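Shown next, in structure tokens, is the structure this report addresses.
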Amino acid sequence: MKKQKTTTQKPKLTYRVNEQIRVPEVRIIFQDGTQQVMKTLDARRMAEDRNLDLIEVQPNAEPPVCKLDNLGKLLFKMDKREKDLKKKQKTTTLKELRFHPNTDKHDFDFKTAHLEEFLRKGNRVRATIVFLGRSIIYKDKGLELAERLTERLSCVSNRDGEPKFEGKKLFVYFEPDKKKIDAFERIKAKTSAPSPVPAGAPAPEQNEIPE
4 MKKQKTTTQK
14 PKLTYRVNEQ
24 IRVPEVRIIF
34 QDGTQQVMKT
44 LDARRMAEDR
54 NLDLIEVQPN
64 AEPPVCKLDN
74 LGKLLFKMDK
84 REKDLKKKQK
94 TTTLKELRFH
104 PNTDKHDFDF
114 KTAHLEEFLR
124 KGNRVRATIV
134 FLGRSIIYKD
144 KGLELAERLT
154 ERLSCVSNRD
164 GEPKFEGKKL
174 FVYFEPDKKK
184 IDAFERIKAK
194 TSAPSPVPAG
204 APAPEQNEIP
214 E
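Last residue of the sequence shown: 214 (our numbering), numbering continuous.
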């Protein structure tokens, strides 16, 4: 059984080129901005003489507008532009952690630290406050917890809208803020940097454990 060849997909050219252009006349736009209406056959010959391709860029114009360009280079530019656009597109993932209205301080700090880490990595996060049983009557505690979360995460994010109740759950969304995150990282780097060793101080021995 023969193996199928795998080829990389090239960007699709949506306009006609060279012999695919079968209208009697075309308008050529030259690189210097000048224009000229000529027979399509003459335009193709001109492109061949210049080792270029006749490329239709405005098929709905009367007559269709074409330009003389290198098809290979044009496809390369299109491919590069497409890759650059994909790089610029941010792929954000929604991360979620659950809380309860009576979440204790240790659990709150632990989960909030995780949310903060998700946000610093550019992810959108959702804090879900779950009301078990009859605890739904304590909605004010859930809203209070939402405000505590907002305050704690304000150094790296912005809250997206107001907290929203759906049944026995309260949802709070946060969006990462790049400027805040950059400032937070700079401050953290400064505070976590090791203190400089005074000049002339002896270096610690290999088996010495600094306090």
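The beta carbon of each residue, even a glycine, is placed where N, CA and C say it ideally should be. None of the values given here were measured: they were computed from a predicted structure.
Between residue i and residue j, is the Cβ-Cβ spacing less than 9 Å?
i    : j    : result
K89  : I31  : no
N126 : P179 : yes
L122 : I24  : no
N73  : L97  : no
K77  : T106 : The sequence shown places Leu at residue 77, rather than the Lys named in the question. Contact flag unset, no.
L57  : A64  : no
Taking the alpha carbon of residue i as the point to measure from, which residue in the options has its own alpha carbon closest?
i    : options                  : result
F168 : K144, F187 and K181      : K144
L146 : N21, K124, F174 and E120 : F174
L152 : Y176, A50, E188 and R189 : Y176
A50  : D110, I139, N21 and R137 : N21
G36  : V68, G164, D45 and R48   : V68
K124 : D110, F187 and Q34       : F187
Q61  : T194, F111, V26 and K86  : V26
E150 : F111, Q34, K83 and I190  : F111
Apart from the five residues just before and just after residue i, which ones in its own chain have a Cβ nearer than 6 Å to its Cβ?
i    : result
R19  : E59
K8   : With a pLDDT of only 47 at K8, under 50, the local geometry of the prediction cannot be trusted, and the value read off the model is given with reservation. Hits under 6 Å: none found.
N161 : E178 and D180
R101 : T131 and V133
E211 : Legend: pLDDT at E211 = 42, less than 50; position of this residue unreliable, value from coordinates given subsequently. Excluding residues within five positions, none has a Cβ falling inside 6 Å.
K83  : none
R48  : none
Among the residues of its own chain, which have a CB less than 8 Å from the CB of residue i, if the five just before and after it don't count?
i    : result
E28  : V40, M41, K42, T43 and P66
E99  : V128, R129, A130 and T131
E134 : A small fix is needed here, since residue 134 is Phe in this sequence, not Glu. The residues are H103, P104, Y141, K142, G145, K171, K172 and L173.
K5   : Unreliable placement is indicated for K5, whose pLDDT of 45 sits below 50; the coordinate value is still reported in the next sentence. Closer than 8 Å at Cβ, skipping near neighbours: no residue.
T11  : Residue placement at T11 is flagged as unreliable, the pLDDT there being 48, under the threshold of 50; the coordinate-derived value follows with that caveat. Correct list: empty, nothing qualifies.
G164 : Y176
Within the same chain, show all residues whose beta-carbon is closer than 7 Å to that of residue i, passing over the 5 residues directly before and after it, in chain order.
i    : result
Q38  : R30, I31 and I32
I139 : K171
A192 : none
R53  : L71
E119 : L156 and V159
Pairing CB atoms from the segment 110-124 with CB atoms from the segment 138-158, are three or more of them under 8 Å? yes
Would you list, in sequence order, the uninterrupted beta strand (DSSP E) runs of no fewer than 3 residues that lie entirely inside the segment 74-131? 97-102
Which ranges would you report for the alpha helix (DSSP H) in the segment 131-156 if only whole runs of at least 4 residues count? 142-156
In chain order, what are the residue ranges of uninterrupted alpha helix (DSSP H) at least 4 long that sit wholly in the segment 31-62? 43-52
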